[in-house]
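Participant: Numbering (the working numbering), first residue to last: 22 to 251.
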Amino acid sequence: MTRAAGLPGARRLLVVEHGSHAPAGLLADWAASRSLTIRTVALHAGEPLPAASDCDAAVILGSELTAYDDTLPWLAAELAFIERMLAQSVPLLGICFGGQALARVLGARLYRLPVPEIGWAQVTSGHPGLAEGPWLSWHRDAFELPAGAAQIAANAVCVQGFSYGPHAALQFHPEATQPIAASWLPFLRPPPGEEITGPLFRNPDGAWDRAAVHAARLFSAWLDGDLAGP
Numbered sequence: 022m023t024r025a026a027g028l029p030g031a032r033r034l035l036v037v038e039h040g041s042h043a044p045a046g047l048l049a050d051w052a053a054s055r056s057l058t059i060r061t062v063a064l065h066a067g068e069p070l071p072a073a074s075d076c077d078a079a080v081i082l083g084s085e086l087t088a089y090d091d092t093l094p095w096l097a098a099e100l101a102f103i104e105r106m107l108a109q110s111v112p113l114l115g116i117c118f119g120g121q122a123l124a125r126v127l128g129a130r131l132y133r134l135p136v137p138e139i140g141w142a143q144v145t146s147g148h149p150g151l152a153e154g155p156w157l158s159w160h161r162d163a164f165e166l167p168a169g170a171a172q173i174a175a176n177a178v179c180v181q182g183f184s185y186g187p188h189a190a191l192q193f194h195p196e197a198t199q200p201i202a203a204s205w206l207p208f209l210r211p212p213p214g215e216e217i218t219g220p221l222f223r224n225p226d227g228a229w230d231r232a233a234v235h236a237a238r239l240f241s242a243w244l245d246g247d248l249a250g251p
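(1) In the structure shown, what three-state DSSP assignment does residue 218 receive?
(2) Flag this pair as touching only if the region 52-63 and the region 133-150 have three or more C-beta atom pairs under 8 angstroms; answer yes or no.
(3) Cα separation between residue 248 and residue 44?
(4) With contact counted as at least three CB pairs below 8 angstroms, one residue from each stretch, are the region 140-150 and the region 108-117 in contact?
(5) Runs of 3 residues minimum, wholly inside the region 143-184: which ones carry the beta strand (DSSP E) assignment?
(6) Would you mind sorting residue 27 into buried or exposed? The rule is 16 or more other CB atoms within 10 Å of its CB.
(7) Please classify residue 192 as buried or exposed, where buried requires at least 16 other C-beta atoms within 10 Å of its C-beta.
(8) Compare the Cα-Cα distances from residue 4 to each of 243, 222, 239, 48 and report the closest residue.
(9) Considering only C-alpha positions, which residue in the set 103, 130, 112, 65 is nearest to residue 89?
(10) Taking DSSP as the reference, what is the three-state secondary structure of residue 120?
(11) Quick one: give me the first and last residue of the beta strand (DSSP E) that residue 190 is part of.
(12) In whole angstroms, give me the CA-to-CA distance for residue 62 and residue 71.
(13) Which one of 51, 124, 183, 243 has the shortest CA to CA distance from residue 173?
(14) Who are the near neighbours of residue 238 in its chain, counting only those whose CB is closer than 6 angstroms to its CB and skipping five residues on each side?
(15) Is there contact here, the region 164-171 with the region 193-208, by at least three beta-carbon pairs under 8 angstroms?
(16) Closer than 8 angstroms by C-beta to residue 12: which residues in its own chain qualify, once you throw out the five before and the five after it? Chain order, please.
(17) How big is the Cα-Cα spacing for residue 74 and residue 33?
(18) In terms of residues, what are the limits of the beta strand (DSSP E) holding residue 38?
(19) Would you identify the three-state DSSP class for residue 114, choosing helix, strand or coil?
(20) DSSP puts residue 140 in a beta bridge; with which residues?
(21) Please look up how many angstroms separate the CB atoms of residue 82 and residue 126, rounded, as I've assumed it's under 8 angstroms.
(22) Quick check: what's the CA-CA separation for residue 40 versus residue 99?
(23) Go ahead and label residue 224 buried or exposed: buried means 16 or more other beta carbons lie within 10 angstroms of its beta carbon, across all protein chains shown.
(24) What would DSSP say about residue 60, mapped onto helix, strand or coil?
Here's what the structure looks like:
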């Protein structure tokens with residue numbers, strides 16, 4: 022099977038991390054179930070990105086920072102890495118900040134939302150591998166649909182996902198767990214109220230368990246090429 026159609030036989034997964042509070046989470050559990058070997062590059066700790074040929078696929082995780090802030094010391098290298106991945110057709114999955122960075126490399130506009138989208142979100146999806154929710158949403162920036170990309174998820178707030186060949190971008194967080202989300206609370210200004218923290222931490226109603234099941238299916242759909250766009 023060609024890389025353009027996905028990589029069911031992939032074994033080496035590179036994970037790009039922007040902070041210790043935003044780890045792979047459920048992605049790591051799924052990778053173990055697929056017998057993938059994960060290599061994590063901690064950009065926040067100064068670790069360098071490898072050549073694209075050093076991995077079979079890669080995931081770029083989220084960040085509280087902004088993918089159009091060119092003062093970030095590691096952003097230029099990350100954008101160049103994404104360009105190499107695209108040139109070599111190595112499947113890439115961008116999550117939140119990572120999705121925004123992928124959209125930027127593809128020429129799409131990034132922009133600040135009038136109001137951050139934080140909490141459980143539902144999306145419209147036409148893909149059986151991408152459930153409509155619940156998904157954890159936690160972002161203040163968004164991306165427009167890049168030219169040549171296929172929209173795979175959206176809601177009233179913004180485009181929530183697209184595919185571009187074997188690559189995909191998501192605005193929500195399929196990798197997140199409840200403890201990971203709790204670690205993000207200190208970054209919110211002003212602090213969130215009960216209308217946000219209640220549904221996430223005090224009355225989950227099984228949402229975290231359902232999201233975890235959806236996440237595993239979504240990660241597999243991406244790696245197996247089922248989300249592949251034009």
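Every residue, glycine too, gets a C-beta built ideally from N, C-alpha and C.
Facilitator: The answer reads as follows:
(1) Residue 218 falls in the helix class under three-state DSSP.
(2) No contact exists between the region 52-63 and the region 133-150.
(3) Separation of residue 248 and residue 44 (C-alpha to C-alpha, rounded to the nearest whole angstrom) is 23 angstroms.
(4) These segments do not touch.
(5) Runs found: 156-164, 171-175.
(6) Residue placement at residue 27 is flagged as unreliable, the pLDDT there being 48, under the threshold of 50; the coordinate-derived value follows with that caveat. Buried is the call here.
(7) Classification of residue 192: buried, given that the 10 Å Cβ count is 16 or more.
(8) Outside the shown range of the chain (22 to 251) lies residue 4, about which nothing can therefore be said.
(9) Comparing Cα positions, the closest option is 130.
(10) Three-state DSSP puts residue 120 in a helix.
(11) Element bounds for residue 190: 188-191.
(12) Straight-line Cα distance between these residues: approximately 9 angstroms.
(13) With distances taken between Cα atoms, residue 173 lies closest to 183.
(14) Same-chain partners within the cutoff: 150.
(15) No contact exists between the region 164-171 and the region 193-208.
(16) In this structure the chain extends from 22 to 251, so residue 12 is not present and cannot be described.
(17) When rounded, the separation of the alpha-carbon atoms in residue 74 and residue 33 is 10 angstroms.
(18) Residue 38 -> beta strand (DSSP E) spans 33-38.
(19) Under the three-state reduction of DSSP, residue 114 is assigned to strand.
(20) According to DSSP, which records beta bridges pairwise, residue 140 is partnered with 158.
(21) Not confirmed; about 16 angstroms, so no contact.
(22) Pairing residue 40 with residue 99, the inter-Cα distance amounts to about 14 angstroms.
(23) If you draw a 10 Å sphere on the C-beta of residue 224, you find fewer than 16 other C-beta atoms in it, and that means exposed.
(24) Correct three-state label for residue 60: strand.
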